[in-house]
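2 protein chains.
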Amino acid sequence: MTKICGDAENFATSALRGFASIYRDIVQPVRGGVVRTTPGKRGKVALVVGGGSGHFPAFNGYVGEGFADAAVAGDVFASPSTQAILRIAREANLGGGVILGYGNYAGDVLNFSIAAERLRAEGIDTRMIATTDDIASAPASEENRRRGTAGDLPVFKIIGAAAEAGLSLDEVEAVGRRANAQTRSFGVAFDGCTLPGEREKLFHVPKGRLALGLGVHGEQGIDELDLMRPSELAAILCDRLLKEAPANAGSRITALLNGLGSTKYEELFVLWEAIIPHLENAGYTVIAPLAGEYITSLDMAGCSLTLTWLDEELEKFWRAPVNSAALKRDEMAGDYRASLPVLTEAPAVYMKSLTEAGRKGGRCVSSMMTRLSAALTEAEPALGQIDAHAGDGDHGQGMARGAAAAAKAARAAVEAGSGPSTVLAAAADAWADRAGGTSGALWGAGLFAFSTAFDDSAVPDAQSLSLGLRRAMEKITALGKAKKGDKTLMDALEPLVEGFEGGLRKGYSIAKAWTEAAEASTLAAEATKDLLPRLGRARTHGERSKGHPDAGAISMALCARVIAHELSEQAVK
Amino acid sequence: MTKICGDAENFATSALRGFASIYRDIVQPVRGGVVRTTPGKRGKVALVVGGGSGHFPAFNGYVGEGFADAAVAGDVFASPSTQAILRIAREANLGGGVILGYGNYAGDVLNFSIAAERLRAEGIDTRMIATTDDIASAPASEENRRRGTAGDLPVFKIIGAAAEAGLSLDEVEAVGRRANAQTRSFGVAFDGCTLPGEREKLFHVPKGRLALGLGVHGEQGIDELDLMRPSELAAILCDRLLKEAPANAGSRITALLNGLGSTKYEELFVLWEAIIPHLENAGYTVIAPLAGEYITSLDMAGCSLTLTWLDEELEKFWRAPVNSAALKRDEMAGDYRASLPVLTEAPAVYMKSLTEAGRKGGRCVSSMMTRLSAALTEAEPALGQIDAHAGDGDHGQGMARGAAAAAKAARAAVEAGSGPSTVLAAAADAWADRAGGTSGALWGAGLFAFSTAFDDSAVPDAQSLSLGLRRAMEKITALGKAKKGDKTLMDALEPLVEGFEGGLRKGYSIAKAWTEAAEASTLAAEATKDLLPRLGRARTHGERSKGHPDAGAISMALCARVIAHELSEQAVK
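Top line first, the protein sequences correspond to chains P and H. For the first sequence, the numbering used here assigns the number 1 to the initial residue and increments by one for each residue that follows. For the second sequence, the numbering used here assigns the number 1 to the initial residue and increments by one for each residue that follows.
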């Protein structure tokens with residue numbers, strides 16, 4: 001629904017004034033439309049486009065150098081009047097004749113035709129090009145009944161570039177007719193739009209469904225299907241269009257994936273990712289494509305794919321520079337083929353330890369990480385359930401994902417012969433990269449701080465373990481700002497650190513000191529069920545977590561126990 | 001709701017790949033983000049921005065010359081990982097130090113802080129700028145608790161321009177901190193958004209209400225009000241922001257009116273029209289403002305206004321050229337003050353008749369038009385009711401509006417001393433301009449064709465009236481494609497034309513011939529109740545019009561009777 005409206009009958013005019021204020025370097029308003037602020041050369045063919053309002057950037061946004069000389073804006077979804085077209089075409093005329101460009105709708109055809117006749121009577125040579133790109137609106141045998149939709153953009157852009165290049169009226173018209181004849185669109189709608197001032201949608205698409213070929217003003221479509229995956233939708237759009245490839249058309253095309261208003265950029269990019277392989281597999285080279293909002297229909301949800309088959313001349317004009325609100329590009333002289341980018345990444349390089357002891361230490365750390373990963377994967381559902389009481393239930397998933405990545409990275413470092421510091425740092429970074437969320441960042445930073453206490457040429461000893469553990473806690477405290485009692489992982493980490501240090505002071509072995517500390521950590525983690533969270537997102541749902549322990553503390557204690565078990569085994573071996 | 005999604009967990013990555021395919025001349029994807037395709041000069045300060053996905057064009061769309069060197073994209077609404085930030089900042093580093101720019105959200109602060117520390121440890125001088133422009137998110141006394149929203153765009157754009165200009169890291173940081181300190185945003189939400197893969201909205205705003213200061217992820221707002229007029233909304237946005245003008249700030253500002261996704265361009269332009277007088281009345285000069293979608297939140301409905309107070313240096317960097325997906329502008333060297341454009345129009349110039357007879361004829365025509373206007377204004381509700389059975393009920397309104405404009409134009413032409421052809425042509429053009437719809441275009445074209453039969457130096461005679469009437473009918477037939485029996489105005493027009501011609505042939509006076517023809521026209525108009533429409537929009541609602549006459553035929557017959565009455569009176573005088 002239109003939420004910012006005012007008097008509905010002034011909506012289109014008010015929008016035009018606001019638009020012209022923002023883009024005053026490009027357009028100048030006249031009653032009923034806009035003309036270029038800096039007109040083209042005398043004698044140039046003038047392109048005047050237009051149609052109903054409510055489709056921004058069509059049509060006012062198409063005005064500018066290398067595109068239209070003027071645009072005529074009717075009321076919302078209504079053709080501009082004959083008089084408005086006349087007035088603005090007279091203003092735009094540079095002595096080289098006028099091309100009137102508009103979509104093939106009855107009201108527009110009527111008004112632009114009357115205006116063309118009047119202009120000719122006034123001695124202005126005037127040609128009309130009505131776009132007919134929407135293949136869903138009539139069969140191929142009745143092309144002149146087809147509506148014009150997003151094909152407006154490539155067709156008018158190409159005409160505008162041809163006019164800017166100084167071609168004669170006959171030549172520009174011929175280029176325009178060819179561009180229109182080689183342009184096809186096919187669209188789907190997910191939901192209708194609401195006219196300014198109205199409370200009800202002008203038309204609907206049932207929830208969970210999509211309408212094939214539904215017009216941007218609600219004109220009847222050709223079929224209705226369930227919502228589908230991007231790959232399936234891409235296949236439908238591409239197959240329908242490619243089946244109607246113009247005869248003798250070459251293998252170079254451009255594509256426009258257009259959003260109608262509420263279907264957002266990210267969705268269009270996701271769909272584009274699925275479209276490009278279809279076009280490439282069909283043998284096409286896609287030149288300088290577009291994905292975005294180029295002709296909308298208020299807040300309608302839906303999108304369309306437009307293909308224009310390019311010959312050498314059409315490609316030249318498609319690539320020509322343009323400076324309008326809708327599209328601003330420099331000359332595209334280079335290689336503008338679209339294809340799916342490959343996400344390259346430099347492979348990790350791990351330093352090799354110079355000593356056998358160091359390499360042994362690295363293997364110990366890696367073995368720990370593998371154990372942690374196995375234990376956290378097993379505990380994932382249980383941790384998720386605990387987390388759901390206070391957070392969004394993804395703690396188990398994040399921990400399992402982080403630990404798995406850490407174990408994998410640690411093994412890779414071990415294979416490179418790294419020592420314990422390098423192995424743990426690699427594991428820490430992988431954990432931070434994959435776990436996600438606050439706890440992922442804290443675990444990654446904590447483990448990395450831990451790694452700085454190790455010596456790559458030695459097996460970690462009691463001293464370095466104790467120092468590492470403390471450094472990890474200090475880092476997590478500094479970053480997380482949590483203290484003991486805040487119902488966070490700190491409630492389990494502090495008893496672990498202090499227990500381990502205390503055990504060592506009592507002369508315990510590493511395994512014994514750690515095992516006792518892990519037990520204290522576990523008790524403390526369970527005791528968090530009597531606390532209320534005081535920090536972060538969980539705070540707002542604090543009440544809900546009453547009587548349940550903190551998932552972060554529980555997973556911390558679990559890791560402490562796993563390590564205790566591993567230390568005991570390693571000591572035995 | 002997100003309708004094009006696929007696997008929700010891959011949504012952000014897939015969108016990133018699609019985006020990079022479309023904008024491959026500007027960006028190159030790396031895992032977790034994008035870097036510039038053509039990197040800046042060695043030694044330049046590198047700006048790395050980032051945050052959660054779902055806010056396009058933030059943040060990937062901010063990458064390009066004169067703006068950011070790289071962007072890091074987290075999952076939807078989630079901070080990017082420390083590792084992703086690290087990886088991409090290393091890639092973007094040009095040896096001049098790195099600025100990390102992000103909105104002030106806990107997750108982003110955590111990850112960017114850890115990354116900054118790691119980068120510094122690697123010898124890369126790194127500074128952090130967290131935007132804090134959202135004045136609704138915390139009181140002015142706690143500025144460091146404020147969230148970053150659409151202020152990201154001006155702040156990062158200014159930083160990017162300063163870096164591109166070759167300023168040192170210290171200098172760029174200082175410019176950035178000043179830009180952030182001088183930037184304020186205030187937003188309203190009309191409805192929430194839906195996360196990819198979810199069926200329910202993440203948060204709601206009650207229907208017919210707006211939430212002041214609601215965050216783009218649904219963070220709590222400060223108040224809720226009924227939907228209001230654009231002028232009221234503009235007042236709230238401007239008043240809140242201007243109250244917080246930075247101390248010692250000058251009178252030059254820039255403004256960004258940002259749409260969140262479903263609040264469309266036309267609505268933003270309508271609101272902008274209401275905003276600009278507020279800023280100007282407060283004594284501000286607004287430099288190169290923007291209105292559009294610069295940071296969205298999936299399909300959320302709402303908008304925000306951002307003001308940046310400009311000193312000389314900030315203005316220079318705001319005006320500097322930029323080439324990114326979100327914003328592409330050349331150097332703005334001229335006068336880019338925003339103001340509301342005035343819609344100028346050349347005043348109509350009407351030719352004066354050379355004879356008294358011609359001027360008398362002009363007055364006759366004008367008098368007719370005034371009568372028609374009065375009659376159609378009176379008949380407006382009745383015509384509207386008839387039209388509602390088949391059309392959208394606006395026929396009466398269009399006819400009344402068209403006739404009133406025609407009468408006014410005719411009087412102006414009479415005042416200039418014009419003859420009947422000029423007066424009727426002026427009336428015809430005004431009718432076409434103001435009536436709207438198909439009938440407005442047809443009436444305008446018909447009356448204009450009628451006017452060509454008159455001689456500007458003579459009072460219209462039987463001959464010219466008969467010829468004009470036929471020309472009008474032929475024109476309307478050619479344009480409207482309707483025949484008698486199609487349930488259109490043709491059903492009333494044809495009996496009028498043929499009746500008038502027949503009466504003249506029988507030797508009747510003009511008044512008598514027209515009066516009898518008007519009676520025939522009226523009977524025929526009423527008889528259209530037994531017809532079904534065969535053309536145009538009405539066809540689809542044909543069944544609904546059963547038993548009701550056609551509004552176009554009824555209004556045509558009404559006009560015929562009014563003219564008959566006027567002709568009889570004039571003949572008497």
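Each residue gets a CB set at the ideal place from its N, CA and C atoms; glycine is no exception. Bear in mind the structure is a predicted one, so any value in this text is a computation, not a measurement.
{"Asked": "Just to check my reading of the structure: L119(H) and A70(H) have Cβ atoms closer than 8 Å, yes? What is that Cβ distance to the nearest angstrom?", "Found": "About 13 Å separates the two Cβ atoms, so there is no contact after all."}
{"Asked": "Name, in chain order, the residues that DSSP records as bridge partners for C303(P).", "Found": "V188(P), G259(P)"}
{"Asked": "Which residues in chain H have a C-beta closer than 7 Å to the C-beta of Y336(P)? List them in chain order.", "Found": "D25"}
{"Asked": "Hey, is Q570(P)'s beta-carbon within less than 7 Å of any beta-carbon in chain H?", "Found": "no"}
{"Asked": "Going along chain H, which residues have a C-beta under 8 Å from Q28(P)?", "Found": "P341"}
{"Asked": "Give a yes or no on contact between the region 316-326 of chain H and the region 363-375 of chain H, applying the rule of three or more CB pairs nearer than 8 Å.", "Found": "no"}
{"Asked": "Compute the beta-carbon to beta-carbon distance between H395(P) and H548(P), rounded to the nearest angstrom, for a pair I have assumed lies under 8 Å.", "Found": "That belief does not hold up - the Cβ atoms of H395(P) and H548(P) are roughly 12 Å apart, past 8 Å."}
{"Asked": "Taking 8 Å as the limit between beta carbons, can you name the residues of its chain near L167(H), skipping five residues before and five after?", "Found": "V45, V175"}
{"Asked": "In chain order, what residues of the same chain have a beta carbon less than 7 Å from the beta carbon of E600(P), not counting five sequence neighbours either side?", "Found": "Since the first and last residues shown for chain P are 1 and 573, residue 600(P) lies out of range."}
{"Asked": "Inspect the beta-carbon positions of K352(P) and A416(P) and report whether they are closer than 7 Å.", "Found": "yes"}
{"Asked": "Identify each residue in the region 111-138 of chain P for which the Cβ-Cβ distance to at least one residue of chain H is less than 9 Å, and report them in chain order.", "Found": "N111, S113, I114, E117, R118"}
{"Asked": "What are the uninterrupted segments assigned as alpha helix (DSSP H) that are 4 or more residues long and contained completely in the region 138-194 of chain H, given in chain order?", "Found": "152-164, 169-181"}
{"Asked": "Could you name the residues of chain P that C5(H) contacts, counting a contact when the two beta carbons are closer than 9 Å?", "Found": "L227, R229, P230, E267, V270"}
{"Asked": "For the beta strand (DSSP E) holding Y102(H), just list the boundary residues, first then last.", "Found": "98-103"}
{"Asked": "Using the Cα positions of I275(H) and C303(H), report the straight-line distance between them to the nearest angstrom.", "Found": "13 Å"}
{"Asked": "Suppose the cutoff is 6 Å on Cβ atoms and the five residues either side in sequence are ignored; what does the same chain contact list for G213(P) look like?", "Found": "A136, G221, I222"}
{"Asked": "Output, in chain order, the set of chain H residues within a Cβ distance shorter than 8 Å of K243(P).", "Found": "Chain H residues near K243(P): none, gap ~22 Å exceeds 8 Å."}
{"Asked": "Could I get the ranges of all uninterrupted alpha helix (DSSP H) runs contained in the region 406-442 of chain P, with 4 residues as the minimum, in chain order?", "Found": "420-435"}
{"Asked": "Hey, is S21(P)'s beta-carbon within less than 7 Å of any beta-carbon in chain H?", "Found": "yes"}
{"Asked": "Which residues in the same chain have their Cβ closer than 7 Å to the Cβ of D152(H), if we skip the five residues on either side of it in sequence?", "Found": "A58, G103, T131, I295"}
{"Asked": "Give a yes or no on whether the C-beta atoms belonging to A492(P) and A553(P) are separated by under 7 Å.", "Found": "yes"}
{"Asked": "If contacts are defined as beta-carbon pairs under 8 Å, then A478(H) and L535(H) qualify, I think. What distance do you get, rounded to the angstrom?", "Found": "At roughly 14 Å, the Cβ-Cβ gap does not stay under 8 Å, so A478(H) and L535(H) are not in contact."}
{"Asked": "Using only CA atoms, which one of L504(P), R505(P), G197(P), T126(P) lies nearest to G208(H)?", "Found": "G197(P)"}
{"Asked": "Give the secondary structure of N60(H) by DSSP, where H, G and I count as helix, E and B as strand, and everything else as coil.", "Found": "helix"}
{"Asked": "In whole angstroms, give me the CA-to-CA distance for V270(H) and D433(H).", "Found": "23 Å"}
{"Asked": "Counting only beta-carbon separations shorter than 7 Å, does T438(P) have a partner in chain H?", "Found": "yes"}
{"Asked": "Would you say I276(P) reaches chain H, if we count a Cβ-Cβ gap shorter than 7 Å as a contact?", "Found": "yes"}
{"Asked": "Taking only beta-carbon positions, decide if Q83(P) is within less than 7 Å of chain H.", "Found": "yes"}
{"Asked": "Going by beta-carbon coordinates alone, are F203(P) and G215(P) separated by less than 7 Å?", "Found": "no"}
{"Asked": "Exposed or buried, what is R17(P) when buried is set at 16 or more other beta-carbons lying within 10 Å of its beta-carbon?", "Found": "buried"}
{"Asked": "Which of the three DSSP states is assigned to G391(H) in this structure?", "Found": "coil"}
{"Asked": "Taking all protein chains shown into account, decide if Q463(P) is buried (16 or more other Cβ within 10 angstroms of its Cβ) or exposed.", "Found": "exposed"}
{"Asked": "Over what stretch of residues does the beta strand (DSSP E) that includes R470(P) continue unbroken?", "Found": "Careful: R470(P) lies outside any beta strand (DSSP E), inside the alpha helix (DSSP H) at 462-480."}
{"Asked": "Quick check: the region 325-344 of chain P against the region 4-21 of chain H, are at least 3 beta-carbon pairs closer than 8 Å?", "Found": "yes"}
{"Asked": "Counting only beta-carbon separations shorter than 7 Å, does G261(P) have a partner in chain H?", "Found": "yes"}
{"Asked": "Using a C-beta cutoff of 7 Å, does A445(H) count as contacting chain P?", "Found": "yes"}
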